[in-house]
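Just below is one structure, and these are the notes that go with it.
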Amino acid sequence: MRQTRRDWLKGSSAVAASLGLAGCAGMFGSDETDEETGTPTDEPVDGTDEAEQSSGGDGGLAATDVAVAAEWNAMRTRLWNAVALGRAGSPEAGAGVAQATFARFEEASGEHNAHEALESTSETAYEEFESALGELRTAGLDVGDVGRASEEASIGSDQLHSAQRTRVGDTAAQALDLQALGARVADAAMLADAGAFEGAATVAEAVLARFENAPVHGALEAAEGDAYARFEGGVDAVVESARSEDAASVRADAETVLTAAIDGSYRIAPAEAVAGSGHVAVFQALGWDAAALSRIGGPSTEFAHAAALTVYRARVRDAVRLYEAGQTAAARAAVEAVFAHFEGARAHEALEEASEDAYHQFEEDGLAALSTAIDEGDDEGVQSAVETVDDALLTGIETLGTGDEPALLEAGYFRARLADAVERYDSGETAAAAAVASGLFETFERDEAGFHETLEHTSEDLYHTFEEEHLDGLITAFEAGDDGAVETHASGAMDALLSFETTAGSTAQVSAVESGYMAARGFDARALAIAGANDRAATALEDAFGHFEAGAGGFHEALEHADHELYESFETALSDARGAAGSGDPTEAVRSFNDRAVEAIYTVVSSAGGSQSAAAAGIVEDAFARFESARVHELLEEADHDAYEGFEGALGDLGTAVEDGGVSAAASAFADASLRAQFAVAGAPDAAPVGASDADGGAETELSGGPNVVEGVPEDADHVVDMNAVAFDPAELTVSAGDTVAWTHAGGEAHSVTAVEDELPDGATYWASGDFESESAAREGWEHGQGAVQSGQSYVRTFETTGEHAYVCIPHEAAGMVGTVVVE
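Just so we're aligned, residue 3 is where the sequence shown starts under the numbering used here, counting upward by one.
Structure representation (structure tokens):
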């Protein structure tokens, strides 16, 4: 069997990694040859005439080529960021970085974007880079295999470096390679900050081995000055400091190495613009370092924001309950109180940054419209506004949360709504209680916030216990007025949900969810008291107090450990609210308790991961200080003052975000500002592919879907799967025979939904977007633009044959965009 180029690349990278030379293959003048071209692998991938590109110093290089090559350097450092997180014991976070990198690459737009530039430079390098980036996540970090992840990072980095050499020539590529090596040593400092000293030493040793075998080694050694000695000696010092577990010394030594790499790059680059553009990309890399470090440890501040937003979902439902009870003034006051609280909340800016549309939808089309509808007694308007509020908040929650976090928060919200349903049943509102439970059942079935699939994936026993045994049973008990069955099924469902939380989430995550749940119970008690049911209001808060004292999934101990003073004030506020609810209007006491509960959310989250946030902020602060005295500071300011201002402003915003939340959005914004600055310093300020209209728009209109691709999402769809940039959400979906599934385009470029023919159940008819009769036909059709699901469209399929149906997105299969539909 003929060995493919990719097999060879994997094998050579594996050998290199085993020798501590991760990423050496094909970069450093070895004697191996490319089987397809017969040329040494150290040559440019497409055999471009280097002399024409690199001779003549400044005049021999196109400014846009220089800027693109610098952007590829930033992408190389992100590959190693992902691996570094794996070495720090956070492979899930590393996998998230890899997926985000792929998404950014796929979504790049503009004439000179990194995606199209790589594809036009070398289709081989482009395909092997995408494949390596996908396998870095799916075959490496997703399964905890850091060694395999390192191999794939090496392959991906090699392909980008080879494309750099083709695009800008040997000398410029060597300068960029030196900067990339310096940035990798910064990863060692990041790992030391996280306490992963062995990983820090491994990274530094690998960098030294790469440097010793790289063409840039000789170039730097021959250059004027002492950059060579400072670089090599500094890397040795990083290794020694890491072995001594001295984080401060590792960071100081890494700073020496990075400074030497930057100084050396200006010495060996064919033009100042080359080193300068790459220098800006190094700052972009440092920004990604800070974002990566903030992922290590406990949940992020974004999760705390999402938990705080979940409380608003419950509070708005309580306002509607008051409206339905004829308490119009109290209902309007409840909505106004939500608005007032949100205006001063930490989650306010977080929602606006996560989704400006959701932010305006929440405030204007949601809360404001709800208040008006309550005043006018408009039942339909009230219902519509509540749904708008809920949709907006869910958008924010799903954007701010990562992994299972939205599902965990959904479980807490379900607990609050189930408790509310029981209260309504106890008040004699049997039909209303059944309606709440039925609504939750429908919400669960449509997999809101990924809750259904996450619960089933976490524990099939809990899934069946919650849905089939208790939630379904609770609806029947409500409708039958069976008090005993209501108590049994309500407590069973609540216990199953809490068990899911503690199984799927960390103590900090569960604590945030449960603090929000208890805040929601406070507002339930307020609604009961206003309706005159003071005894039941007091009982509701007494039950909440008992839940907290019993542990609340670890929340009690977590809060006491995180902040004892807040713990005591939390208990006092809850006790005060309980007392007020039993004798009158507890509104102020409940709001005071809510303040303590929201504060507790942020406190337990910060306590679990605050140390890494501080270290991440330190990286940004150091980068800002470095930039102020950097050679590229003046180059950028002179090249494009607006780009300079934007770069500094975005870097400052990133520093704020790593402490206050919104890291992902801030890091992406800083990367965009860096990209604009890279083009400016390279000499092409007007050519930066940032903020340009979608360059793929024309190409996308040439694609076609087929008879089973429709506009929008059909109303009769039983299940909806979002097709994000490089992932199906949910990736695994369980349906019943006869159910209809709609896959809707939710982000990125055009997608396909293509069944894997060999993995269909016996007797199943082949299916794919484009209505092809076989997988081979579907793949051939995609090559001709057929079977595409584009923005605003959905692919629809009704399943009749039971079993597991595996499928892929053809253009993003290498990134791990695969899914399964289980038909029961």
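In this text, a Cβ means the ideal position worked out from N, Cα and C, and glycines have one as well.
Tell me which same chain residues have a C-beta within less than 6 angstroms of the C-beta of residue i, skipping the five on either side of it?
i, result
"A287", "A76, T79 and A185"
"R319", "none"
"L120", "Y128 and A165"
"Q788", "S706 and G772"
"H454", "F446"
"A564", "T605, V606 and S609"
"T66", "H114, A686 and A689"
"A97", "R139, L143 and D144"
"A546", "M520 and R523"
Starting from residue i, follow its DSSP beta bridges and name the residues at the other end.
i, result
"E713", "Q795"
"F681", "According to DSSP, which records beta bridges pairwise, F681 is partnered with nothing at all."
"M725", "F730 and H747"
"S706", "Q788"
"E806", "V824"
"H753", "V791"
"T736", "V824"
"T742", "T800"
Please list, in chain order, all residues of the same chain as residue i whose beta carbon is under 7 angstroms from its beta carbon, the five residues on each side excluded.
i, result
"S440", "I477"
"A602", "S517, L561, L568 and F572"
"F199", "A244 and E247"
"V810", "T756, V758, M819 and V820"
Quick check: the Cα distance between residue i and residue j, rounded to an integer number of angstroms?
i, j, result
"E623", "E630", "11 angstroms"
"D406", "V600", "21 angstroms"
"A694", "A780", "Low confidence applies to A694: its pLDDT is 36, below 50, so where it sits in the model is not reliable enough to give any reading."
"A506", "S461", "9 angstroms"
"V823", "E806", "6 angstroms"
"A479", "E365", "37 angstroms"
"G398", "S666", "13 angstroms"
"V284", "G91", "25 angstroms"
"A239", "A190", "12 angstroms"
"A434", "Y427", "8 angstroms"
"A202", "A262", "19 angstroms"
"H558", "Y519", "13 angstroms"
"A308", "V276", "42 angstroms"
"A625", "T103", "21 angstroms"
"A95", "V259", "26 angstroms"
"P272", "Q176", "10 angstroms"
"G581", "A540", "7 angstroms"
"D485", "A413", "24 angstroms"
"A652", "E214", "36 angstroms"
"A321", "A521", "14 angstroms"
"Q363", "F107", "30 angstroms"
"T504", "E802", "36 angstroms"
"E257", "L411", "41 angstroms"
"A335", "D578", "21 angstroms"
"H814", "S754", "9 angstroms"
"T140", "A748", "21 angstroms"
"P732", "A188", "36 angstroms"
Near residue i, which residues of its chain fall below 8 angstroms by C-beta distance, leaving aside the five closest residues on each side in sequence?
i, result
"A371", "G383, S386, A387 and T390"
"T467", "G494 and A498"
At least 3 beta-carbon pairs within less than 8 angstroms: the stretch 790-805 vs the stretch 735-751 = yes
key: Contiguous alpha helix (DSSP H) assignments of at least 4 residues, all confined to the stretch 768-798   = 777-785
ask   = Quick check: the stretch 261-276 against the stretch 658-673, are there 3 or more CB pairs under 8 angstroms?
value = no
key: Ranges of the alpha helix (DSSP H) found wholly within the stretch 145-216, counting only runs of at least 4   = 148-170, 172-195 and 199-215
task = May I ask you to verify whether the stretch 380-393 touches the stretch 342-352, counting CB pairs closer than 8 angstroms and requiring at least 3?
result = no
task = Could you tell me whether the stretch 764-771 touches the stretch 723-740, where touching means 3 or more Cβ pairs closer than 8 angstroms?
result = no
message = Does the structure place the stretch 125-142 close enough to the stretch 321-330 that three or more beta carbon pairs sit under 8 angstroms?
response = no
query = Is the number of C-beta pairs between the stretch 541-559 and the stretch 571-586 that are closer than 8 angstroms three or more?
reply = yes
message = I want to know whether the stretch 588-599 touches the stretch 519-533 - three or more CB-CB distances under 8 angstroms.
response = yes
ask   = Should the stretch 330-340 be regarded as contacting the stretch 534-544, the criterion being three or more beta carbon pairs within less than 8 angstroms?
value = no
Segment contact flag, the stretch 161-170 with the stretch 211-231, C-beta cutoff 8 angstroms, min 3 pairs = no
Within the stretch 380-425, ranges of the alpha helix (DSSP H) (whole runs, at least 4 residues) = 381-402
ask   = Are three or more beta carbon pairs between the stretch 638-652 and the stretch 667-683 nearer than 8 angstroms?
value = yes
ask   = What are the uninterrupted segments assigned as beta strand (DSSP E) that are 3 or more residues long and contained completely in the stretch 268-328, given in chain order?
value = none
query = Enumerated in chain order, which unbroken segments of the beta strand (DSSP E) with a length of 3 residues or greater are wholly contained in the stretch 60-125?
reply = none
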